[in-house]
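K.L.:
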Amino acid sequence: MAPTKTPKAADPARSGKLRDRSQDGGVLGPRSPRSSSHSAGEEAALDPRHLQSPASAPATGQQIQAMFHDLRSTIQDDFRTITASLHQEIRDIGERTVLLEHKSDNLCLAHNELVDAYKDLKRSHDALLLKVTDLEDRSRRNNIRIRGVPESIKAESLAGYLIDLFHLLLPEADTAALLLDRAHRLPKPRNLDAAIPRDVLTRIHFYHIKDSLMAAMRKAPGLPEIYAGISFFLVLSAATMQRRREFLPVTKVLRNHHIPYRWGFPLKLLVTYRGTMSVFHSCQEGVSVLQVWDLMGEMTPPHRAPPLSPSKDSPEWHRVNTEK
Numbered sequence: 001m002a003p004t005k006t007p008k009a010a011d012p013a014r015s016g017k018l019r020d021r022s023q024d025g026g027v028l029g030p031r032s033p034r035s036s037s038h039s040a041g042e043e044a045a046l047d048p049r050h051l052q053s054p055a056s057a058p059a060t061g062q063q064i065q066a067m068f069h070d071l072r073s074t075i076q077d078d079f080r081t082i083t084a085s086l087h088q089e090i091r092d093i094g095e096r097t098v099l100l101e102h103k104s105d106n107l108c109l110a111h112n113e114l115v116d117a118y119k120d121l122k123r124s125h126d127a128l129l130l131k132v133t134d135l136e137d138r139s140r141r142n143n144i145r146i147r148g149v150p151e152s153i154k155a156e157s158l159a160g161y162l163i164d165l166f167h168l169l170l171p172e173a174d175t176a177a178l179l180l181d182r183a184h185r186l187p188k189p190r191n192l193d194a195a196i197p198r199d200v201l202t203r204i205h206f207y208h209i210k211d212s213l214m215a216a217m218r219k220a221p222g223l224p225e226i227y228a229g230i231s232f233f234l235v236l237s238a239a240t241m242q243r244r245r246e247f248l249p250v251t252k253v254l255r256n257h258h259i260p261y262r263w264g265f266p267l268k269l270l271v272t273y274r275g276t277m278s279v280f281h282s283c284q285e286g287v288s289v290l291q292v293w294d295l296m297g298e299m300t301p302p303h304r305a306p307p308l309s310p311s312k313d314s315p316e317w318h319r320v321n322t323e324k
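Residue 271 in the UniProt record's numbering sits at position 271 of the sequence shown; the count goes up by one each step and never skips.
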């Protein structure tokens, strides 16, 4: 029977080293050469003397100059690109501005030509209107509008009634001279009272008889009852009546000062003052002359706004020389 082996007593120093290695995360057993070299590298890396590498060394002056040179070149290239783009945009705007200037000048010249043509046409129109109005008035110069003839006087006896009236006004006139071309009643306006008789329009064959009848009617002291309420009026165009109404401030002053006047054709006012005849072609002209004669007194002259008339324009654009 073999004798039992007695276990060897553990070495206290060796047991402490093994315990320390197991607590540090090491592996029990003999230490390999590889692990020894790894530990040596880590210790060398943690050494402060090995923390500074060649890449983190301070830059030299040449390196800094090279960096500034590269940065300046980049900025200059960017500026050149932006400046070239701005120059192109400015040239494009300049070309468009030149086109606008030419168009504006052409429009201004065309407008001025239209203004001249309008003024010429306006003068021709006014002259033509004055001529047509004068012709219309001259074609009616022998007509008399008679108001107040009773409706009891029928159309067939109207001529005889008027001849008797004319004999009464011009007793020295010959019967052959009191010749009527026509006599008829006019339509009654809608707003006129039904009891008022219609007006009678008659044409006297001779103008001097018609003129004498108008003067005699103004001076007649009184007429028989059969002719009571009868009035004579001139027959004029609507344009002439409107322009005569525009002379109302002048004619009112003339009547207040008992200054004689008469109407001329084409329409104008003939005024005789202190032995001198003056011709007024417009109300403004008459008011100016009356102010010179000191006849207006405290009367305020009528204010009439001048008619709007187009005026010429001057070019607002000026050519800009964009070529350098």
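For glycine and all other residues, C-beta sits at the position ideal for the given N, C-alpha and C.
None of the values given here were measured: they were computed from a predicted structure.
1. So, does the stretch 210 to 221 touch the stretch 252 to 265, judging by three or more C-beta pairs under 8 Å?
2. Taking the CB atoms as reference points, tell me whether residue 188 and residue 144 lie closer together than 8 Å.
3. Provide the residue(s) that pair with residue 276 in DSSP beta bridges, ordered along the chain.
4. For residue 24, which of helix, strand or coil comes out of DSSP?
5. Does the Cβ-Cβ distance between residue 132 and residue 197 come in under 8 Å?
6. Among 110, 182, 147, which one has its Cα closest to the Cα of residue 232?
7. Going by alpha carbons, who is nearest to residue 310 out of 60, 119, 89, 129?
8. Suppose contacts are defined by Cβ-Cβ distances below 8 Å. Is residue 200 in contact with residue 183 by that definition?
9. Return the residue from the list 102, 206, 264 that minimises the CA-CA distance to residue 175.
10. Where DSSP assigns a beta bridge to residue 231, which residues make up the other side?
11. With a threshold of 7 Å, establish whether the CB of residue 119 neighbours any heavy atom of the ligand MN.
12. Return the bridge partner residues of residue 184 from the DSSP annotation.
13. Measuring CB atoms only, is the stretch 134 to 142 touching the stretch 232 to 244, in the sense that at least three cross pairs come out at less than 8 Å?
14. Determine the DSSP secondary structure at residue 131, reduced to helix, strand or coil.
15. My assumption, with CB atoms under 8 Å, is that residue 280 sits in contact with residue 271. Please give the rounded CB distance.
16. DSSP on residue 219, reduced to helix/strand/coil?
17. So, residue 137 versus residue 265, is the Cβ gap smaller than 8 Å?
18. Kindly identify the DSSP beta-bridge partner or partners of residue 261.
19. Output the boundary residues of the alpha helix (DSSP H) element that contains residue 241.
20. Buried or exposed: where does residue 325 fall if 16 or more other Cβ atoms within 10 Å of its Cβ makes it buried?
21. Can you tell me whether DSSP reads residue 173 as helix, strand or coil?
22. Quick one: Cα of residue 275 to Cα of residue 240, how far?
23. Count the other C-beta atoms from every protein chain shown that fall within 10 angstroms of the C-beta of residue 229, then say buried if there are 16 or more, exposed otherwise.
24. Just to check my reading of the structure: residue 178 and residue 167 have Cβ atoms closer than 8 Å, yes? What is that Cβ distance to the nearest angstrom?
25. Using the C-alpha atoms, what's the distance from residue 99 back to residue 84?
26. Around the C-beta of residue 169, are 16 or more other C-beta atoms found within 10 angstroms, so that it is buried, or is it exposed?
27. Which term fits residue 297, buried or exposed, when burial requires 16 or more other beta carbons within 10 angstroms of its beta carbon?
P.N.:
Considering the structure as presented:
1. In short, these stretches do not touch, since the Cβ pair count stays below three.
2. Within the sequence shown, residue 188 is the residue found at index 188, counting from 1. Within the sequence shown, residue 144 is the residue found at index 144, counting from 1. No, they are not a contact pair.
3. For this step, residue 276 is matched to residue 276 along the sequence shown. As a beta-bridge residue in DSSP terms, residue 276 pairs with 273.
4. The residue you call residue 24 lines up with position 24 of the sequence shown. Legend: pLDDT at residue 24 = 46, less than 50; position of this residue unreliable, no value from coordinates given.
5. As a working mapping, residue 132 is identified with position 132 in the sequence shown. As a working mapping, residue 197 is identified with position 197 in the sequence shown. For the 8 Å CB-CB criterion, residue 132 and residue 197 do not form a contact.
6. Here residue 232 is taken as the residue at index 232 of the sequence shown, counted from 1. Nearest C-alpha to residue 232: 147.
7. On the sequence shown, residue 310 is found 310 positions in, with the first residue counted as 1. If you compare the alpha carbons of 60, 119, 89, 129 with that of residue 310, the shortest gap goes to 119.
8. Taking the sequence shown and counting its residues from 1, one reaches residue 200 at position 200. Taking the sequence shown and counting its residues from 1, one reaches residue 183 at position 183. Going by C-beta atoms, residue 200 is nearer than 8 Å to residue 183.
9. One-based indexing of the sequence shown puts residue 175 at position 175. Measuring from the Cα of residue 175, the nearest candidate turns out to be 206.
10. Within the sequence shown, numbered from 1, the residue matching residue 231 stands at position 231. Residue 231 is bridged to 147.
11. With respect to the ligand MN, the structure shown offers nothing to examine, as it has no ligands at all.
12. By 1-based counting over the sequence shown, the position of residue 184 is 184. Residue pairing of residue 184 in beta bridges, as defined by DSSP: 201.
13. Flag = yes, the stretch 134 to 142 and the stretch 232 to 244 touch.
14. Residue 131 sits at position 131 when you count from the first residue of the sequence shown. Helix at residue 131.
15. One-based indexing of the sequence shown puts residue 280 at position 280. One-based indexing of the sequence shown puts residue 271 at position 271. In this structure residue 280 is in contact with residue 271, their Cβ atoms being roughly 6 Å apart against a cut-off of 8 Å.
16. As a working mapping, residue 219 is identified with position 219 in the sequence shown. Residue 219 falls in the helix class under three-state DSSP.
17. Residue 137 sits at position 137 when you count from the first residue of the sequence shown. Residue 265 sits at position 265 when you count from the first residue of the sequence shown. The Cβ atoms of residue 137 and residue 265 sit closer than 8 Å to each other.
18. Locating residue 261 in the sequence shown gives position 261, counting from the first residue. DSSP, once it has assigned bridges, lists 271 as partnering residue 261.
19. For the purposes of this step, residue 241 is identified with residue 241 of the sequence shown, where counting begins at 1. Looking at the DSSP string, the run of the alpha helix (DSSP H) that includes residue 241 is 238 to 246.
20. Lying outside 1 to 324, the shown extent of the chain, residue 325 is not represented and no answer is given.
21. The residue you call residue 173 lines up with position 173 of the sequence shown. The three-state secondary structure of residue 173, taken from DSSP, is coil.
22. By 1-based counting over the sequence shown, the position of residue 275 is 275. By 1-based counting over the sequence shown, the position of residue 240 is 240. The alpha-carbon of residue 275 is positioned some 28 Å away from that of residue 240.
23. Here residue 229 refers to the residue found at position 229 of the sequence shown. Residue environment for residue 229: exposed (fewer than 16 other C-beta atoms within 10 angstroms of its C-beta).
24. Along the sequence shown, read from residue 1 onward, the residue named residue 178 stands at position 178. Along the sequence shown, read from residue 1 onward, the residue named residue 167 stands at position 167. Yes, residue 178 and residue 167 are in contact; Cβ-Cβ is about 7 Å, under 8 Å.
25. Counted from its first residue, the sequence shown places residue 84 at position 84. Counted from its first residue, the sequence shown places residue 99 at position 99. Approximately 23 Å between the Cα atoms of the pair.
26. As a working mapping, residue 169 is identified with position 169 in the sequence shown. It counts as buried.
27. Position 297 of the sequence shown holds residue 297. Exposed.
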